[in-house]
Amino acid sequence: MKYLMILVSIFALFGCQTKAQTLEITTIHIEPKRVTQQVPDRGKQHTYTTYQEVTKRSVPAVSLVSKEDNVLRFSIQGNISSRGLQIRKVSKIRFEQAEQLGNGITLKYYVNIKHIPGKEGATIAGYNYSKEEKYKIPHDVKVIHIEVYEEHPNQEPKLIAKNKFDFFAKI
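Mature numbering (1 follows the signal peptide of the UniProt record, and there is no 0) puts the sequence shown at residues -20 to -1, 1 to 151.
Following this line, the structure appears as structure tokens:
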């Protein structure tokens, strides 16, 4: 019994750690919907199946979570399509470079997308992703630009979201 109490307290300590910067991925589900439509030429009704998204897609964005002392916390979110014979998965979001020009700095983040051979499930239309990031602001920086690029294999990275944070502007 004593060892069980020690084991439970150790697991409780590990469970109380702060939230890690992990990539969160959720599935965008769809469901079939039967539609009946009148054909004007023949006067007959035509029934067909369409697919309607059940899960809402996340809009690609960079949003401010908090700014405490010289630490900026922000969230990166977006979505990718993955359907039929084209399976696409988000493998990671990586920080590549910080370019400083005068009192401003540009942070570039890349969403790596892997293409996997095979067939996607019939009720899956894609994936939403989000990740919370931290950045320590240098003392001489007054403006922060954050750019998020989507990176597919054998293609040039494409800008999907950007935001500007000016914390030292006079109001």
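In this text, a Cβ means the ideal position worked out from N, Cα and C, and glycines have one as well.
Inter-residue spacing [alpha-carbon to alpha-carbon] between Phe147 and Val39: 24 Å
Extent of the continuous beta strand (DSSP E) run through Ala78: Ile67 to Leu81
Where Lys47 falls: helix, strand or coil (DSSP): strand
Closest by C-alpha distance to Lys69, when choosing among Gln77, Lys13, Glu79 and Gly58: Gly58
Element boundaries [beta strand (DSSP E), containing Asp146]: Lys138 to Asp146
Segment contact flag, the stretch 117 to 125 with the stretch 80 to 95, C-beta cutoff 8 Å, min 3 pairs: yes
Per-residue burial, Ser62 [other beta carbons within 10 Å of its own, 16 or more giving buried]: buried
Beta-carbon spacing of Tyr107, Ile60 below 8 Å: yes
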